[in-house]
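In my numbering, the protein residues as written are 843 to 1249. Ideal Cβ positions, reconstructed from N, Cα and C, are used throughout, including at glycine. Take a look at the structure below.
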């Protein structure tokens, strides 16, 4: 049996996002002599170290670090010049490996050039919807041109991501769709554990309301709890959830997650909206939490309300695997995950009225909610097993590296 190709995995951030969690699931389970290169230190590097993954931080220049998805041409040219040293260092590392696996856009730009220098094939794992909702026109052209000319293969995390890549000018012949995978065992929360978590959550929320002088709104075990999980960001639509909860006066809304990448102004806007008379005392900011599966089991509904198409929708699958009813925005990868009226409900993105109606419907019909939760778990456990997704990804890596060695 041939040994697994040695892979240099590259990611631009040290923070933990969906793309980083997906990469961790891959590298922590690969039985190979691999390494991860990050352009920034942080919690992701710490997680990799805990998992025994060989990791190196190659800091990016301050000029290159300022490059964003919506950056213009002038800023991009300055950033690319600032990447020259980093590209040389990545190319030097790449010569020790059979392939480079770029996990994020900035990492891909660096890896594509480094791969050309080191004569190693580059795989781009695309976790983004390539559209003007998130990227400037010049960045779209840069990414698709590099993917077409310098990558050997592109892995897209959903049909929506693959379609957007093609629409932006990407070569669809290079694309393989591999959905994110999940360790099903991490979501095995027993009924007694769920009850304990619910009781602790209720006590915590009541304590918060008492501190904030909202004790006139006591929360009991029967109080409906609706939760949105994920980064606090305008396109993630937490403001839509607040508008919807204003129309469902018995329910409380939990926002689980923190802001990233300079989005503190949006968080302030959310707090202002939460203090309006119709929602005061019923919107709770829980911040970043580790115990996602337990927390999801402790609430009545998990809501996904992104206003733009989601590349995949990790929290949607997590909600289904937690055996909790899920409502998701009908766009992007989320629409591929939830089977409307079978495993959950889909609503029009940005429509708080429709979201409120779906929340009310599930809260008023516990049997329907439970049937969605049961069917959702069975479907997600079958379609998103980490073992299956790893096999598909490994096959892409092996075929890419093998083509180079044969050539």
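**Request:** Using the DSSP secondary-structure output, state which residues sit across from residue 1129 in a beta bridge.
**Result:** DSSP, once it has assigned bridges, lists 1098 as partnering residue 1129.
**Request:** Enumerate in chain order the residues of its own chain whose CB-to-CB distance from residue 1172 is below 8 Å, with the five nearest sequence positions on each side excluded.
**Result:** Excluding positions up to five away in sequence, the list reads 1182, 1188, 1189, 1190, 1191.
**Item:** As assigned by DSSP and simplified to three states, the class of residue 1248
**Value:** Low per-residue confidence applies at residue 1248: pLDDT is 37, beneath 50, and the placement is therefore not dependable, though the value from the model is reported in the following sentence. In the three-state scheme derived from DSSP, where H, G and I count as helix and E and B as strand, residue 1248 is classed as helix.
**Prompt:** Between the beta-carbon of residue 873 and the beta-carbon of residue 849, is there less than 8 Å?
**Reply:** Their beta carbons are not under 8 Å apart, which means residue 873 does not touch residue 849 by this criterion.
**From 991, 999, 984, 988, residue whose alpha carbon lies closest to that of residue 865** = Among 991, 999, 984, 988, the Cα nearest to that of residue 865 is on 999.
**Request:** Evaluate residue 979 with the Cβ neighbour count: other Cβ atoms within 10 Å of its Cβ, from every protein chain shown; 16 or more gives buried, anything less gives exposed.
**Result:** exposed
**Prompt:** Is the region 952-972 touching the region 924-944 in the sense that three or more CB pairs, one from each, lie closer than 8 Å?
**Reply:** The region 924-944 is in contact with the region 952-972.
**Asked** Taking the continuous alpha helix (DSSP H) assigned at residue 1120, which residues delimit it?
**Response** Looking at the DSSP string, residue 1120 is not in any alpha helix (DSSP H), and its letter there is neither H nor E.
**Request:** Can you grab the Cα-Cα spacing for the pair residue 976 / residue 1107, in whole Å?
**Result:** 18 Å
**Request:** State the CB to CB distance for the pair residue 1231 and residue 1104, rounded to an integer number of angstroms; the pair is presumed to be in contact (CB under 8 Å).
**Result:** Not a contact, Cβ separation roughly 32 Å.
**Request:** Could you tell me how far apart the beta carbons of residue 1136 and residue 1035 are, in whole angstroms, since I believe they sit closer than 8 Å?
**Result:** 7 Å
**Item:** Element boundaries [beta strand (DSSP E), containing residue 1019]
**Value:** First-last of the beta strand (DSSP E) with residue 1019: 1017-1019.
**Message:** Per the DSSP calculation, residue 1157 is bridged to which residue(s)?
**Reply:** Residue 1157 is not bridged to any residue.
**Prompt:** Ordered along the chain, which non-local residues of its own chain (more than five positions away) have a Cβ less than 6 Å from that of residue 948?
**Reply:** 854
**Prompt:** What three-state label does DSSP hand residue 1216 in the structure shown?
**Reply:** helix
**Prompt:** Quick one, are the C-beta atoms of residue 1119 and residue 1093 less than 8 Å apart?
**Reply:** With a cutoff of 8 Å on beta-carbon distance, residue 1119 and residue 1093 are scored as not near each other.
**Request:** Pull up the distance between the alpha-carbon of residue 1234 and that of residue 1060, whole angstroms please.
**Result:** When rounded, the distance between both Cα atoms is 49 Å.
**Asked** Where do the ends of the beta strand (DSSP E) carrying residue 997 lie?
**Response** 995-998
**Item:** Inter-residue spacing [alpha-carbon to alpha-carbon] between residue 989 and residue 1097
**Value:** 36 Å
**Item:** Best match in 1129, 1165, 1153 for proximity to residue 1141 [C-alpha to C-alpha]
**Value:** 1165
**Asked** So what's residue 1071 in DSSP terms, helix, strand or just coil?
**Response** strand
**Those residues which DSSP pairs with residue 877 across a bridge** = Paired residue(s): 850.
**Asked** Which full runs of the beta strand (DSSP E) of 3+ residues lie inside the region 1142-1209, going along the chain?
**Response** 1143-1145, 1168-1171, 1187-1189
**Exposure of residue 1152, with buried meaning 16 or more beta-carbon neighbours within 10 Å** = buried
**Request:** Quick one: residues in its chain with C-beta nearer than 7 Å to the C-beta of residue 1248, no 5 flanking neighbours on either side, listed in chain order?
**Result:** The predicted position of residue 1248 is uncertain, since its pLDDT is 37 and thus under 50; a value taken from the coordinates is nonetheless stated next. Closer than 7 Å at the Cβ level, and outside the excluded window around residue 1248, lies no residue.
**Item:** Of the listed residues 898, 1124, 1002, 1211, nearest to residue 971 (C-alpha basis)
**Value:** 1002
**Three-state secondary structure assigned by DSSP to residue 942** = strand
**Item:** Collapsed DSSP secondary structure at residue 1239 in the structure displayed
**Value:** helix
**Item:** Exposure label - residue 845; buried when at least 16 CB within 10 Å
**Value:** Here residue 845 is exposed: its Cβ has fewer than 16 other Cβ atoms, across all protein chains shown, within 10 Å.
**Request:** Look at the alpha carbon of residue 869 and the alpha carbon of residue 1160, and state the distance between them as a whole number of angstroms.
**Result:** Residue 869 and residue 1160: Cα-Cα distance of roughly 20 Å.
**Message:** Whole angstroms are fine: how far does the CA of residue 1197 sit from the CA of residue 1112?
**Reply:** Inter-residue distance for residue 1112 and residue 1197 is about 17 Å (C-alpha atoms, whole angstroms).
**Prompt:** According to DSSP, what are the bridge partners of residue 967?
**Reply:** DSSP, once it has assigned bridges, lists 997 as partnering residue 967.
**Request:** Answer yes or no: do residue 941 and residue 1076 have a C-beta to C-beta separation smaller than 8 Å?
**Result:** no
**Asked** What first and last residue would you give for the alpha helix (DSSP H) that runs through residue 869?
**Response** Going by DSSP, residue 869 is part of the alpha helix (DSSP H) stretching over 860-869.
**Prompt:** If you count every other CB in all the chains shown that lies within 10 Å of the CB of residue 1241, and 16 or more means buried, which is it?
**Reply:** exposed
**Asked** Under the rule that 16 or more other beta-carbon atoms within 10 Å means buried, what is residue 1167, buried or exposed?
**Response** When all chains shown are included, residue 1167 counts as buried.
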